[in-house]
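Enquirer: In the numbering used here, the protein residues as written are 136 to 376.
We put the beta carbon where it would ideally sit given N, CA and C, even for glycine.
Everything numeric in this text was worked out from a predicted model, so none of it was measured.
First the structure, then my questions, so here it is.
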Amino acid sequence: MSLYLSSIINDLIVLLSIGITFVLKKSQKIGIFVGVICWLLLSVYFLIEYVVIRASTVDYSVLKQPMSDLGVTACGKDTHLLASYEICSPYHPLMNVTFTLVGIVIFMGAFLLEDLFPKGKRIRIATILFAIYGISFGISGIVPADSSFWVHTISAIPGMFVQIPALLLIARTIKKEWPWLHKWTFFILLVNASTIVLILLPFISINLPGGLLQRMLYGSVFVWMSVTAIVLAMKKYKQVR
């Protein structure tokens with residue numbers, strides 16, 4: 136499959152998913168179920184990444200190399216602006232589809248689970264921020280780093296920051312009503328914010344494992360979403376009973 140055709144298919148999947156999200160939003164029971172499944176599926180990401188890494192025909196360092204290297208479509212050195220090392224990821228189509236699907240399930244889960252949180256302006260803003268987070272992540276699969284480095288990189292920037300205010304808004308909103316979930320959210324917020332600080336301070340992080348820090352940045356949010364989806368589903372189930 137050509138890169139162009141793959142990009143078109145990814146675009147169609149994204150547009151279809153956005154449409155489905157707003158249709159399901161009107162059917163709350165089904166929508167909530169789909170939203171929970173979406174955020175739970177995020178826990179599969181690193182399993183798929185492991186499969187892709189195992190298929191690499193050259194050494195790949197989880198500690199040092201970015202996740203985007205696994206979606207690079209060409210083999211060799213200098214495949215993108217920051218890759219002076221050799222890359223060869225035969226399973227790059229799987230990785231890029233995974234990037235796109237992760238973005239989709241984040242987006243869908245954010246909107247479909249919104250009604251399970253206390254109503255208010257803060258939750259609506261947090262939902263929009265998480266939707267942006269999902270879109271940012273998904274573009275990484277539509278535009279690989281070697282296809283257009285600057286589009287790939289610039290589109291990924293929002294996904295490095297928007298989750299922080301989103302988590303903060305949610306933590307502040309649920310503090311009194313759900314103290315345990317508030318503490319859990321605030322803990323993930325601290326982990327995530329600390330990670331981004333390390334990434335953004337070269338004089339500190341120059342000798343730190345950049346690849347690991349990037350995985351902590353995204354992985355902490357994935358874990359928060361998976362756990363929070365379970366908590367929200369359990370609360371909803373108790374209310375129904």
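(1) Measuring CB atoms only, is the stretch 307 to 314 touching the stretch 280 to 288, in the sense that at least three cross pairs come out at less than 8 Å?
(2) First and last residue of the alpha helix (DSSP H) that includes residue 298?
(3) Give a yes or no on whether the C-beta atoms belonging to residue 319 and residue 362 are separated by under 9 Å.
(4) When you compare only the Cα positions, how much space is there between residue 261 and residue 156?
(5) Grouping DSSP H, G and I as helix and E and B as strand, with all else coil, what is residue 312?
(6) Residue 222 by DSSP, collapsed to three states: which one?
(7) Consult DSSP for residue 340 and reduce its assignment to one of helix, strand or coil.
(8) How would you write the range of the alpha helix (DSSP H) that residue 230 sits in, first residue to last?
(9) Can you list, in chain order, the residues of its chain with a C-beta nearer than 6 Å to that of residue 364? Leave out the 5 residues immediately preceding and following it.
(10) Quick check: residue 192 and residue 210, are their CB atoms within less than 9 Å of each other?
(11) Excluding the five sequence neighbours on either side, which residues of its own chain have a C-beta within less than 6 Å of the C-beta of residue 351, listed in chain order?
(12) Please name the residue or residues paired with residue 255 in a DSSP beta bridge.
(13) Taking three-plus beta-carbon pairs below 8 Å as touching, is the stretch 242 to 261 in contact with the stretch 201 to 208?
(14) Look up residue 212 in the DSSP assignment and give the residues it is bridged to.
(15) Residues in the same chain with beta-carbon distance under 6 Å from residue 302, minus the five sequence neighbours each way, listed in chain order, please.
(16) Buried or exposed, going by whether 16 or more other CB atoms sit within 10 Å of the CB of residue 292?
(17) Between residue 284 and the ligand MG, is there a pair consisting of the residue's CB and a ligand heavy atom that are separated by less than 8 Å?
Expert: Quick look at the numbers:
(1) no
(2) The sequence position of residue 298 within the sequence shown is 163, counting from 1. Note, residue 298: alpha helix (DSSP H), 298 to 309.
(3) Residue mapping note: residue 319 aligns to position 184 of the sequence shown, counting from 1. Residue mapping note: residue 362 aligns to position 227 of the sequence shown, counting from 1. A contact, by the Cβ cut-off of 9 Å.
(4) What you label residue 261 is simply residue 126 of the sequence shown in a count that begins at 1. What you label residue 156 is simply residue 21 of the sequence shown in a count that begins at 1. Using only the alpha carbons, I get a separation of about 17 Å.
(5) Looking up residue 312 in the sequence shown gives position 177. Residue state, collapsed to three classes: coil.
(6) The sequence position of residue 222 within the sequence shown is 87, counting from 1. Residue 222: strand per DSSP, three-state reduction.
(7) Counted from its first residue, the sequence shown places residue 340 at position 205. At residue 340 the pLDDT is 48, less than 50, meaning the model places this residue with poor confidence and gives no usable figure here.
(8) By 1-based counting over the sequence shown, the position of residue 230 is 95. From DSSP, the alpha helix (DSSP H) with residue 230 extends over 227 to 247.
(9) Taking the first residue of the sequence shown as position 1, residue 364 is located at position 229. Once the five neighbours on either side are set aside, the close Cβ partners of residue 364 are 171, 174, 175.
(10) Numbered from 1 along the sequence shown, position 57 holds the residue referred to as residue 192. Numbered from 1 along the sequence shown, position 75 holds the residue referred to as residue 210. Yes. Within cutoff.
(11) Here residue 351 corresponds to residue number 216 of the sequence shown, with the count starting at 1. Around residue 351: 330.
(12) Mapped onto the sequence shown, residue 255 falls at position 120. Paired residue(s): none; residue 255 is not in a bridge.
(13) no
(14) Reading the sequence shown from its first residue, position 77 is the one you call residue 212. Residue 212 pairs with 221.
(15) Position 167 of the sequence shown holds residue 302. For residue 302, where only same-chain residues beyond five positions count, the Cβ hits under 6 Å are 320, 324.
(16) As a first step, residue 292 is located in the sequence shown; it is residue number 157 there, counting from the start. Residue 292 should be labelled exposed.
(17) Here there are no bound small molecules, and the ligand MG is not part of this structure.
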